[in-house]
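Numbering (our numbering), first residue to last: 30 to 284. Everything on this sheet refers to the single structure shown next.
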Amino acid sequence: MPLEIVTLPCLSDNYCFLLHDADSGATAVVDVPDAAVISEALAARGWTLGQVLLTHHHWDHVDGLPALLEAHPAQVIGAKADAHRLPPLDLEVAEGDGFLVGSEPVEVLEVPGHTLGHIAFYLPNAGAVFTADSLMAMGCGRLFEGDPAMMWASLCKLAALPAETLVCSGHEYTEANARFAKTVDPDNPALAARIEAIAAARAAGRPTVPSRLSEELDSNPFLRATAPEVARHLGMTGADPEHVFAEIRKRKDNF
Numbered sequence: 030m031p032l033e034i035v036t037l038p039c040l041s042d043n044y045c046f047l048l049h050d051a052d053s054g055a056t057a058v059v060d061v062p063d064a065a066v067i068s069e070a071l072a073a074r075g076w077t078l079g080q081v082l083l084t085h086h087h088w089d090h091v092d093g094l095p096a097l098l099e100a101h102p103a104q105v106i107g108a109k110a111d112a113h114r115l116p117p118l119d120l121e122v123a124e125g126d127g128f129l130v131g132s133e134p135v136e137v138l139e140v141p142g143h144t145l146g147h148i149a150f151y152l153p154n155a156g157a158v159f160t161a162d163s164l165m166a167m168g169c170g171r172l173f174e175g176d177p178a179m180m181w182a183s184l185c186k187l188a189a190l191p192a193e194t195l196v197c198s199g200h201e202y203t204e205a206n207a208r209f210a211k212t213v214d215p216d217n218p219a220l221a222a223r224i225e226a227i228a229a230a231r232a233a234g235r236p237t238v239p240s241r242l243s244e245e246l247d248s249n250p251f252l253r254a255t256a257p258e259v260a261r262h263l264g265m266t267g268a269d270p271e272h273v274f275a276e277i278r279k280r281k282d283n284f
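Okay, structure coming up:
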């Protein structure tokens, strides 16, 4: 059976994700903003938590972990490079490492920029990548620790995954990101269509996360720094995409 992915809204605008392999009964969670939400979801489904996958050290992705582990002892997996500021890890991982959730292989991608030790988890068989605050729906994370070159390289790595990949990111920022996107890519029909779909989803109380990588490639301005029309609109025709990305990120910071 295919891996089941459950999107759980947490706090004011966070998401975490349950991963369940029905064949083995194995269950994992990606990030822990709120232990109670996760515990309730596990109980409702009769699942037993075995692994916790942490993308980065920010409080809104890890603060629920102590309470969660009290109720659900589990293996904690996170970035070796950030082990000094993450909660205690049972398994430290880096780029190129892999492990299993039940029978599902998980590949570790280092995606610094938002933080220096940010990682993503790519599940090729399930066709999903858990990107937290690196690649986001219609956006990317603010550069709290990295620089534009670092984040652009991370986004290019994620953009190279298969276009049908499900992008499971960490926040419900999509409407605000879309308003900004319109200012740098105003003539993009894919963006216009997506803005309508986002508005309809939110009006109906539905999350806009996960999204498809193909959608992000077509309408996320941070992945469209290679598009001539975006560079032209910014007055940067012929500029290196990395510099176009840096300009887009600067404008978003001041939006």
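Note that CB positions come from ideal geometry on N, CA and C, so glycine has one too. Please read all numbers here as calculations on a predicted model, not as lab measurements.
Would you kindly report the start and end of the unbroken alpha helix (DSSP H) that includes residue i?
i: phenylalanine 5; result: Residue numbering for the chain in the displayed model covers 30 to 284; residue 5 lies beyond these limits and cannot be assessed.
i: leucine 94; result: 94-100
i: glutamate 258; result: 257-262
Need the endpoints of the beta strand (DSSP E) that residue i sits in, please.
i: valine 238; result: From DSSP, valine 238 is part of no beta strand (DSSP E); its letter is neither H nor E.
i: aspartate 50; result: 43-50
i: valine 137; result: 133-139
i: valine 130; result: 127-130
i: leucine 120; result: 120-122
Quick check on this structure: which residue in the options has the alpha carbon closest to the alpha carbon of residue i?
i: alanine 123; options: Thr255, Tyr151, Trp88 and Ala103; result: Tyr151
i: glycine 106; options: Val137, Gly234 and Ala275; result: It should be pointed out that residue 106 corresponds to isoleucine in this sequence rather than to glycine. The shortest Cα separation from isoleucine 106 among Val137, Gly234 and Ala275 belongs to Val137.
i: serine 294; options: Asp111, His262, Ala51 and Arg241; result: Any answer about residue 294 is impossible in this case: the structure gives the chain only from 30 up to 284.
i: cysteine 39; options: Ile227, Asp52, Asp50 and Val66; result: Val66
i: phenylalanine 159; options: Ala55, Asp52, Val59 and Ala108; result: Val59
i: leucine 252; options: Ser163, Ala72 and His147; result: Ser163
i: serine 127; options: Ala149, Gly264 and Met180; result: Contrary to the premise, residue 127 reads as glycine rather than serine in this sequence. For the residues Ala149, Gly264 and Met180, the minimum Cα distance to glycine 127 belongs to Ala149.
i: aspartate 52; options: Leu32, Ala64 and Ala256; result: Leu32
i: alanine 192; options: Lys109, Gly131 and Pro153; result: Pro153
i: alanine 260; options: Thr212, Ala221 and Leu187; result: Thr212
Would you call residue i buried or exposed, if buried means 16 or more other Cβ atoms sit within 10 Å of its Cβ?
i: phenylalanine 274; result: buried
i: asparagine 283; result: exposed
i: tryptophan 88; result: exposed
i: phenylalanine 173; result: exposed
i: asparagine 43; result: buried
i: asparagine 206; result: buried
i: threonine 77; result: exposed
i: leucine 129; result: exposed
i: methionine 167; result: buried
i: serine 183; result: buried
i: leucine 82; result: buried
i: proline 120; result: At residue 120 the sequence reads leucine, which differs from the proline that was named. With fewer than 16 other Cβ atoms within 10 Å, it is exposed.
Quickly, what does DSSP pair residue i with across the bridge? List them, please.
i: valine 105; result: Val81
i: cysteine 185; result: None; cysteine 185 has no bridge partner.
i: leucine 152; result: Ala157
i: glycine 168; result: Met165
i: alanine 228; result: Note: alanine 228 sits in no beta bridge, so no partner.
Assign residue i to one of three DSSP states: helix, strand, or coil.
i: serine 198; result: strand
i: valine 273; result: helix
i: phenylalanine 173; result: coil
i: phenylalanine 251; result: helix
i: alanine 233; result: coil
i: leucine 37; result: strand
i: leucine 220; result: helix
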